[in-house]
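The opening position of the sequence shown corresponds to residue 4 in my numbering, with each subsequent residue numbered one higher. Built from N, CA and C at the ideal position, the CB exists for glycine as well. Model, not experiment: these values are computed from the prediction. All remarks here apply to the structure that follows.
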Amino acid sequence: MQPLISRYLNTLRLRLDERDFACPLMLVTSAGGVTTLDTATRFPVRLVECGPSGGAILAKNTALQFGERSMLSFDMGGTTAKICLIREYAPKAARQFEVARTASFNPSPAGFRYAPRSSVICPLE
């Protein structure tokens, strides 16, 4: 994963530099925070669930704004749909997650499983 994403992010950096992009570029992480392009290049696993995590953070902030203790975040992509329950203004989080989730749906010993250890907001697929 690291070589592929590193090449992509370095190309992005070069193209932005060519266009005199002057402000800092920050990327959303799987844990719902932000990181620099340099850190993301070194630790791309922290970006894997960034889309659903960003939606969960928006839902958390919306819940705070409207005084709703619980809220549901919904993220629909090209191949998956994910929900995240926000309780007491906080999305559920974990230190490990499964990429591609094929082992969860097919728990055979030969099933693909890549479960990196990194902070992540836990959307349900």
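Looking from the CA of Phe-46, the closest CA among Tyr-92, Ile-8, Glu-91, Ala-96 belongs to Ile-8. Judged by their CB atoms, Ile-89 and Ser-33 are not nearer to each other than the 8 Å cut-off.
Less than 8 Å separates the beta-carbon of Gly-35 from that of Ile-60. One alpha carbon belongs to Asn-64, the other to Val-37, and they sit about 15 Å apart. Residue state for Ser-33 is assigned as coil, using DSSP reduced to three classes. Between Pro-55 and Asp-78, the gap from beta carbon to beta carbon is short of 8 Å. Between Ser-73 and Cys-87, the C-beta gap is not smaller than 8 Å, which leaves the two residues out of contact. Under DSSP, Cys-87 takes part in a beta bridge, and its partners are Ser-76.
The shortest C-alpha to C-alpha distance from Tyr-92 to any of Gly-70, Thr-82, Thr-83 is the one to Gly-70. Under the three-state reduction of DSSP, Pro-55 is assigned to helix.
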